[in-house]
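Q: Here's a structure for you.
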Amino acid sequence: MNNFFYVFSGKKIKRYFFIFAAALLAAGVVYVESDHITVFSESSPSAVYSVSTEKKMIALTFDISWGEKRAEPILKVLKDKDVQKATFFLSSPWSQTHPEIVKDIQSKGFEIGSHGHKYENYSQLTEEEIANQLKSAHTILTDLTGEAPKLLRLPNGDFDKRVLRIADGMGYTVIQWDTDSQDYMNKGAEDIVNRVVSKAHPGDIVLLHASDIAKYTEEALPAIIDELRAKGYEFVSVSDLLDQANTKGSEVKDQAWIRREFETAAGIGF
């Protein structure tokens, strides 16, 4: 009888341990979120993080909930760089107090989506409160623009299955993001550029801010545009991306997030 001895280095043992731990982490996320979000549902409403396409199309999205210093400089950069399509998610209280900027965004041909009414986590509200918040924002934005918004990004990106169901009943598609610029962390323009350009991929939805909280977005934006164009990307609206693929029934939980956690824990990610 032959005896076989398998020798595992400490590094390999550690690698396999982390792979196993990552798998448990992913499973745990699905389990924990099950009371809040239908993760792999084909029938329940879902949120869109990105769109599967081979075309080098990317959507720059800008959230605005407060302030008046950042929006206009960002609009100027987009104009100067001849970016004709982007999507702005506007909170309704801000829109009411800055109707001239809302009109400027619209007149430049940019897409406008709802960023809700009060800036709070909607998953913590009752269903009646959720509906009231979405209806208030919907009415205000429709009155200001003359067009009913079809896209919704929740404050803080926070939602549960109730929010998704109520939003779907109002005709909204909930839009998240796959690339987070983290411009709100104010680490500097170079950090924002590096994050966006390194993570960008076809069908990507990029989270940026035009609120006063983000101090370096307008400084980073020209380089982001130039570098992505050099890579062959076309800038489109979120609706343009949605036209590229049937997103019905796509996973609510960001599968790219789970993949990154798995690969990072296993030591094979970025």
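Here the UniProt record's numbering is used: position 28 in the sequence shown is 28, and no number is missing along the way. The beta-carbon is built from N, C-alpha and C at its ideal position, and this holds for glycine as well.
DSSP state of L125, grouped into three classes?
A: Looking at L125 - three-state DSSP - the assignment turns out to be coil, as it is neither helix nor strand.
Q: Any idea if E111 is buried or exposed, counting beta-carbon neighbours within 10 angstroms, 16 or more meaning buried?
A: E111 comes out buried.
Q: What residue from P99, E190, V206 and K79 has the CA that sits closest to residue 284's CA?
A: Summary: the structure shown does not reach residue 284, with the chain confined to residues 1 through 270, and so no result is reported for it.
Q: Using a Cβ-Cβ cutoff of less than 8 angstroms, which residues in the same chain neighbour V163 once the five nearest sequence positions on both sides are dropped?
A: Once the five neighbours on either side are set aside, the close Cβ partners of V163 are Y122, S123, I130, L154 and V174.
Q: Looking only at its chain, what residues have a beta carbon closer than 6 angstroms to the beta carbon of I213, apart from the 5 residues adjacent to it on each side?
A: The answer, listed in chain order, is Y184.
Q: Counting C-beta neighbours from all protein chains within 10 Å, is the total for T179 16 or more, i.e. buried, or is it exposed?
A: The residue is buried, with at least 16 neighbouring Cβ atoms inside 10 Å.
Q: Can the beta-carbon of H117 be found less than 9 angstroms from the beta-carbon of A137?
A: Cβ distance < 9 angstroms, so H117 and A137 count as in contact.
Q: Grab me the residues of I101's own chain with a C-beta within less than 7 angstroms of its C-beta, minus the 5 sequence neighbours each way, in chain order.
A: Closer than 7 angstroms at Cβ, skipping near neighbours: A71 and E72.
Q: Out of G188, H115, D204 and G203, which one is the CA nearest neighbour of residue 276?
A: As displayed, the chain neither begins before 1 nor continues past 270, which places residue 276 out of reach and without an answer.
Q: Should S114 be listed as close to the ligand SAH, given that the test is whether its C-beta is under 8 angstroms from any heavy atom?
A: Ligands are entirely absent from the displayed structure, and the ligand SAH is therefore not among its contents.
Q: If you check the beta carbons only, do A220 and V196 fall under 9 angstroms apart?
A: Taking 9 angstroms as the Cβ cut-off, A220 and V196 qualify as a contacting pair.
Q: Please report the straight-line C-alpha distance between S44 and M170, rounded to a whole angstrom.
A: In a straight line, the C-alpha of S44 is about 14 angstroms away from that of M170.
Q: Can you check whether the C-beta of D240 is within less than 9 angstroms of a C-beta belonging to chain C?
A: The question asks about chain C, but that chain is absent: this structure has only one protein chain.
Q: List the endpoints of the continuous beta strand (DSSP E) containing E111.
A: E111 to S114 is the extent of the beta strand (DSSP E) around E111.
Q: With a CB to CB cut of under 6 angstroms and the five nearest residues on each side skipped, what residues in its chain are close to G67?
A: Cβ neighbours of G67 beyond the five flanking positions: S211 and D212.
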